[in-house]
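Working notes, structure below.
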Amino acid sequence: MGAVRFDLDGKILDRFVSFVACDRVIPVVVQRLTGITLDQLGEAPPPATVVGRLADFVGDAWVIGHNVDFDLGFVEGQGFPPTSARLDTAELASILFPSAPSYALQRLAAEVRSGTRAHRALDDAEAAALLLVALFREASSLSPATLEGLLQLAEPLGDAVAWFLGEALAARARAVFVPPAPDGPAAGLVALPAQSMGRAGLAGKSIRELFASHGVMTAAFEAYEERAEQIEMAEAVDNVMRDGGALVVEAGTGTGKSLAYLVPALRAVARGKRVLVSTHTTTLQDQLAASDLPRLARAFGLDSEVAVLKGRSNYLCPRRWHVFRLSAADADEARFAMKTLVWRERTKTGDRAELNLLGSGEQLAWARVCAEDETCTARRCAMVRGGCYLERARAAAARAPLVVANHALVLSDARSRNRLLPDVDIVVADEAHHLDEVASHVFGVRVTAADIRRAVQRASQAASAAAAADVDLVPLRNAAQMTLVSIEETFLALGRLMRDPSERGYEDQRRITPALRGSDEWLAAELAAERLRDGLATVERCGVTLLAAAHDPALADASAEFESALAELRGLDAAVNRVVHLPPRGEICWLSLDQTGALALQSAPAHAGVYIDRALARERHAAVFTSATLAVAGSFGFVLDRFGLGDRAATLRVGSGFDYRRQALLVLPTGLVDPYDSSFVDQTAAVVADVATRLDGRTLVLFTSHSMLRAVHSRLGDWAEEQRLALLAQSVGGSRRQLLEQFVGGRAVLLGTATFWEGIDLPGELLQCVIVAKLPFPVPDDPVVAGRSERYEDPFREYHVPVAALRLRQGFGRLIRTRDDRGAVVLLDRRLASRAYGETFLRSLPDCQVTRPDLQAVGAAVAEWCEAGRQEHDRRLE
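Residues in the sequence shown are numbered from 0 upward in steps of one, following numbering that gives the first Met the number 0.
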């Protein structure tokens, strides 16, 4: 237990620290995290004694802490006097550092450079103290208008926050503090301005000359190396951009595919073409716009503009934010309004990517202030300070010959008939293997009872704000109340169509087939849904009447918000109708029930390729689709169908920049039981323990189901304690980011499912072995899988196997991330050897060394391979 006394100048006045006797076994993970050993606790005093000493140390001072209520809850249970004089640095940080990547104490302490160690009581206390000083300095640097706005909102957060802000305002008036350095935590993300480029130096040289060693690329990228695979891809992309058509390119990790399409894209711009580059992740989007393109621009001396454009919901609407700020009613809403008020003083883009939104509460609050509202116009925001961020981004995109966007926006824009993106001649889709997934989401629907309930309540509240004093709101309120009842009745009736709770797995789904629609049990749900739609229509009619009577200019913003609420109701009504009553031809509809018991109505297109082709390729001069994982056993047939391209596209598969035969070992054990045998879990756990023991952790285990992950995790608990290894598991402890951060700390084994099969980067010796428990086949009775399988004569061979093969390739790709990496992939599914389709999977993987040891020899084989790699690396350094 630790505490410090300090002043707001950051001076530590006194310290208190004591070990506390503990009658519980301390897990290895906690011992590693804190550095505390069992021996240190042997002679420690009991909790009540230590807490009494702590109370004497604190006296009548303010109690400061990171999540202070949590800490005080422990000590108050041991006799610490209750106090209201408490201030939470976590809460203040979420307001004053709106762009901080993390609000964990250790991350914030590192940002403000406290220099303290993490996870020891005294060190954490000092970190919290110095963090409060940084927060006070940050608050004191805000404009007086912002500080006064914060004070107006602070009442729901309690007297302590108001006192803190009042002190900051007084300090600001005395001009005691200076603003923090630009690289402090409050600086957040730097908005990307339009990049200046020129046109000389591109058209006159060939691709091979531009990519040559010791040329302009070396000036732009210090570590640049000429790669034959990169040049091959760049030439193919350049040809299709010049001549027109569609091209699908698979470029393995290490190829440098981003530059292989960006350089041809800039050449196309120099010829007068307009280019759109679309990515799936914001990480790649930011890399292209903030790093790769500006470097190429400087290297080639171009003077065009590059714009970054995102979907409407990514931008703040100043008008809607102003309405939210005035109506913030509780502590959560006030905290969000304060956070965004601080952010608005600094942001130039109004892009939500600059904000760290905490939990579902702040996500829902963002939905109320973003520019998603289709009724929103630039004119309505013109009188609000800062103007419309969305319109500014659209104007930049309209000027720029090269725009960087994401798949969701490109497909959504096609669905709404090009309301945001400018017309372009050429589209490049990187991370193209995600297009089918994104299109399924964009062109499908998902509606829950909570969605409709919030929309009805929003409409009712907005009506109260928008109505003139003499307007009768009773009809609308009555209709809203009746509709809320209908929502519950409808989703209760739909819920009866799902399986008994005792039979459910992690998530329950049921496809709405023609047979189900013709059943008596469906009829009850359909009638309830009709009553729900009648209620929504009544609320809308009452709302239209109310809007017709709204003429007061002072209520214009409130009326616009009400109009937006009614538009949301119409959209939800259409979604219910689409799933329950009139499903479009070629649509898959289903019910889903998640682990919390929330029921959803969902739909997705049976074939998303039609929409992908229409949005990205059919109307363009040229289209390029690229990713590291597109081909199945060397064939592009599956993804060409997925993209809706048929035989219209040329294809190219370029090799990786990695030497897989030197760097990667594929381990195919013998003696395995069938994956559905009751002893398979035990075999998997044994292999994981054998490998991770020999590698000192450094092992990632990929599963296809949460149930098997949890079963293996339970079997490995005692082993991990004995080996003093951290056993990390998805859905068992921590978020994806937290698990990865702990894994990077070393001596760890990480068990993961869906999201860990791709998108994680653990180079060097951080990761030396990937173990795949089962081949990642899609679940046959998943509604989307079942619906899409109907398109094929042989669904398993033509659909299930290709999907699984691509997924396996993504999992394999976690292992080798740089040219110096070396490690092993262990595949524990015996079907690779016992079934004919096993050869398809093996031919889809990179050409690497293969070994087939007995099951008991897997750990030794992996360890021997990794040790040989270390020795080879050492010899190269000599």
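Backbone N, C-alpha and C define an ideal beta-carbon position, used for all residues, glycine too.
Note on geometry: alpha-carbon atoms of Val783 and Phe776 lie some 13 Å from one another. A straight line joining the alpha-carbon of Glu720 with that of Glu871 spans about 33 Å.
A straight line joining the alpha-carbon of Gly822 with that of Gly148 spans about 56 Å. Leaving aside the five residues that flank Gln601 on each side, the residues in its chain whose CB is nearer than 6 Å to its CB run, in chain order, Arg445, Trp589, Ser591.
Here DSSP, grouped into helix, strand and coil, assigns Pro263 to helix.
In the three-state DSSP reduction, Gly300 falls in the coil class, being neither helix nor strand.
Of the residues assessed, Gly243 falls on the exposed side of the cut-off, its CB having fewer than 16 other CB atoms within 10 angstroms. Residue pairing by DSSP puts Tyr314 in a beta bridge opposite Asp350.
Rounded to whole angstroms, Ala235 and Thr625 show a C-alpha spacing of 12 Å.
Just so you know, the alpha carbons of Ala804 and Arg510 end up roughly 25 Å apart.
In the assembly as shown, Gln662 is a buried residue. Its beta-carbon has 16 or more other beta-carbons within 10 Å.
Distance from the CA atom of Asp8 to the CA atom of His65, rounded to whole angstroms, is 19 Å. Pro852 places its beta carbon 8 Å or farther from that of Arg816. Only residues of its own chain outside the window of five on either side were considered, and among them Pro46, Ala47, Val50 have a CB closer than 6 Å to the CB of Gln77, listed in chain order. Between Leu765 and Leu749, the beta carbon gap of about 10 Å keeps them out of contact (Cβ cut-off 8 Å). When C-beta atoms of the stretch 421-429 are compared with those of the stretch 526-540, fewer than three pairs fall below 8 Å, so the two segments do not count as touching. When Val778, Arg787, Val575 are compared, the shortest CA-CA separation from Gly608 is found for Arg787. Rounded to whole angstroms, the gap between the alpha carbons of Asp820 and Ser734 is 26 Å. Runs of the alpha helix (DSSP H) spanning 4 or more residues and lying entirely within the stretch 199-228 occur at 206-209, 215-219, in chain order. Following the DSSP letters along the chain, one finds Ala250 inside the beta strand (DSSP E) bounded by residues 244-250. With the rule of 3 Cβ pairs closer than 8 Å, the stretch 468-478 does not count as touching the stretch 643-655. Arg226 sits close to Gly255, with the two beta carbons spaced by under 8 Å. Looking at Leu53, Phe69, Leu164, the one whose alpha-carbon comes closest to that of Leu95 is Leu164. Residue range 586-592 is occupied by the beta strand (DSSP E) that includes Trp589. Val426 carries a strand assignment under DSSP once its states are collapsed to helix, strand and coil. Along the length of the stretch 442-482, whole beta strand (DSSP E) runs at least 3 residues long occupy 444-447, reported in chain order. When beta bridges are read from the DSSP output, Arg652 appears opposite Glu249.
For Thr447 against Ala559, the beta-carbon gap comes to about 26 Å, at or over 8 Å, which does not count as contact. For Ile63, there is no enclosing alpha helix (DSSP H); the residue is found in the beta strand (DSSP E) stretching over 62-64. Here the C-alpha atom of Tyr314 lies approximately 30 Å from the C-alpha atom of Gly157. Under DSSP, Ala747 shares a beta bridge with Ala725. For Val538, the enclosing alpha helix (DSSP H) covers residues 519-547. With a beta-carbon spacing of about 6 Å, Gly542 and Ala458 fall inside the 8 Å limit used to define contacts. Each of Ile425, Leu107, Ala413 was checked against the Cα of Arg619, and the nearest Cα belongs to Ile425.
Within a 10 Å sphere around the beta-carbon of Arg495 sit fewer than 16 other beta-carbons, which makes this residue exposed. Boundaries of the beta strand (DSSP E) around Thr625: 621-626.
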